[in-house]
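Asker: Questions regarding the structure given below will be posed in turn.
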Amino acid sequence: MRRSLRLSISLLPLLLLSAAPALAEVQLPLRKAGLWDIKLDHEGGRMPAVVVQQCTSEAVDREFMSDFAPSAKQNCSKTEIQKAATGYVMDSVCTMAGTTVTSHAETSGDFNSAYTVNVTSHSQGGKLGSQDNKVTIAAKWAGPCKEGQKPGDVVMPGGFKMNVRDFEKYKSMVPH
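This is the structure:
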């Protein structure tokens with residue numbers, strides 16, 4: 003359970019990437035409010051696919067972007083979003099905890115019913131050394147949030163629930 007929790011929390015930044023960061027002059031549309039089923043699938047089977055549910059609202063997506071942008075500006079030497087024929091292309095170079103991650107993401111679909119983010123990244127430095135990753139984030143609107151859920155709630159594998167508004171306190175649970 004603890005390993006699953008660490009894995010889930012460590013994947014949260016990728017999940018949040020799917021929330022459409024507004025880090026550059028081009029801004030991605032906000033997602034439709036409600037419950038989103040989000041699957042994170044790692045190419046090559048190094049980690050099992052992870053499925054989470056996220057209850058969101060326009061206010062939560064906007065709030066997260068305004069909270070995330072200063073951190074990205076502080077930790078990233080490059081954050082670019084460009085409109086493409088089929089969606090958006092995002093490129094970034096960020097350094098955290100001694101690891102530099104260069105990533106390229108292509109987003110397609112719409113933010114009202116379903117979208118896909120294909121991310122390729124190269125990590126260098128830190129405890130993991132050099133590593134290449136390919137992750138596909140596939141999100142599908144599932145309807146209104148469930149009873150008892152509030153915007154920002156994320157239900158992780160195993161039923162662990164957290165709220166993106168509380169992300170700072172969960173970061174301390176991830177081993178460095």
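Position one of the sequence shown corresponds to residue 3 (my numbering), numbered consecutively onward.
All C-beta atoms in this analysis are idealised placements derived from N, C-alpha and C, irrespective of residue type, glycine included.
Is DSSP giving residue 108 helix, strand or coil here?
Answerer: Here residue 108 refers to the residue found at position 106 of the sequence shown. Residue 108: strand per DSSP, three-state reduction.
Asker: If you run the structure through DSSP and keep just helix, strand and coil, what is residue 114?
Answerer: Here residue 114 corresponds to residue number 112 of the sequence shown, with the count starting at 1. Three-state DSSP puts residue 114 in coil, outside helix and strand.
Asker: Hey, how far is the Cα of residue 102 from the Cα of residue 112?
Answerer: On the sequence shown, residue 102 is found 100 positions in, with the first residue counted as 1. On the sequence shown, residue 112 is found 110 positions in, with the first residue counted as 1. Approximately 30 Å, taken between the alpha carbons.
Asker: Which residues mark the beginning and the end of the beta strand (DSSP E) in which residue 96 is found?
Answerer: The residue you call residue 96 lines up with position 94 of the sequence shown. Residue 96 -> beta strand (DSSP E) spans 89-98.
Asker: Going by C-alpha to C-alpha distance, which of 30, 58, 31 sits closest to residue 40?
Answerer: Here residue 40 refers to the residue found at position 38 of the sequence shown. Comparing Cα positions, the closest option is 58.
Asker: Using a 10 Å radius around the Cβ and a threshold of 16 neighbouring Cβ atoms, would you call residue 105 buried or exposed?
Answerer: Position 103 of the sequence shown, counting from 1, holds the residue named residue 105. Counting Cβ neighbours within 10 Å, residue 105 comes out buried, since at least 16 surround it.
Asker: Confirm, please, whether the CB-CB distance from residue 34 to residue 143 is below 7 Å.
Answerer: What you label residue 143 is simply residue 141 of the sequence shown in a count that begins at 1. What you label residue 34 is simply residue 32 of the sequence shown in a count that begins at 1. At a Cβ-Cβ threshold of 7 Å, residue 143 and residue 34 count as neighbours.
Asker: For residue 146, I'd like the list of residues in its chain whose CB is within less than 7 Å of its CB, leaving aside the five on either flank, ordered along the chain.
Answerer: Counting from one through the sequence shown, the residue named residue 146 turns up at place 144. Excluding positions up to five away in sequence, the list reads 36, 37.
Asker: Report the CB separation of residue 30 from residue 122 in whole angstroms; it is logged as a contact under 8 Å.
Answerer: In the sequence shown, the residue the question calls residue 30 occupies position 28. In the sequence shown, the residue the question calls residue 122 occupies position 120. Not quite, the Cβ-Cβ distance comes to about 18 Å (not below 8 Å), so this is no contact.
Asker: Measuring only the C-alpha atoms, how far is residue 161 from residue 134?
Answerer: Walking along the sequence shown from the start, residue 161 turns up at place 159. Walking along the sequence shown from the start, residue 134 turns up at place 132. One C-alpha to the other measures close to 29 Å.
Asker: If I measure Cβ to Cβ from residue 114 and keep anything under 6 Å in the same chain, skipping five residues before and after, which residues do I get?
Answerer: Stepping through the sequence shown from its first residue, residue 114 is reached at position 112. 34.
Asker: Hey, how far is the Cα of residue 155 from the Cα of residue 54?
Answerer: Reading the sequence shown from its first residue, position 153 is the one you call residue 155. Reading the sequence shown from its first residue, position 52 is the one you call residue 54. Each residue's Cα considered, the two are about 10 Å apart.
Asker: Just confirm the distance between the C-beta atoms of residue 137 and residue 42, as a whole number of angstroms; I'd bet it's less than 8 Å.
Answerer: The residue given as residue 137 occupies position 135 in the sequence shown. The residue given as residue 42 occupies position 40 in the sequence shown. 6 Å between Cβ atoms; contact.
Asker: With distances taken Cα to Cα, identify the nearest neighbour of residue 151 among 141, 140, 166.
Answerer: Along the sequence shown, one-based indexing puts residue 151 at 149. Nearest C-alpha to residue 151: 166.
Asker: Measuring straight from C-alpha to C-alpha, what distance separates residue 163 and residue 149?
Answerer: Residue numbering aside, residue 163 sits at position 161 when the sequence shown is read from its first letter. Residue numbering aside, residue 149 sits at position 147 when the sequence shown is read from its first letter. One C-alpha to the other measures close to 14 Å.
Asker: What are the uninterrupted segments assigned as beta strand (DSSP E) that are 3 or more residues long and contained completely in the stretch 118-150, given in chain order?
Answerer: Within the stretch 118-150, the complete beta strand (DSSP E) runs of at least 3 residues are 133-145.
Asker: Determine the burial state of residue 130: buried for a count of at least 16 other Cβ atoms within 10 Å of its Cβ, exposed for fewer.
Answerer: Working through the sequence shown from its first residue, we reach residue 130 at position 128. So residue 130 counts as exposed.
Asker: Suppose you measure from the CA of residue 132 to the CA of residue 97; what does that come to, to the nearest Å?
Answerer: The sequence position of residue 132 within the sequence shown is 130, counting from 1. The sequence position of residue 97 within the sequence shown is 95, counting from 1. C-alpha separation (whole angstroms): 13 Å.
Asker: Give me, in chain order, the residues of the same chain whose beta-carbon lies closer than 8 Å to that of residue 51; leave out the 5 immediate sequence neighbours on both sides.
Answerer: Counting from 1 along the sequence shown, the entry for residue 51 is found at position 49. Once the five neighbours on either side are set aside, the close Cβ partners of residue 51 are 41, 42, 43, 44.
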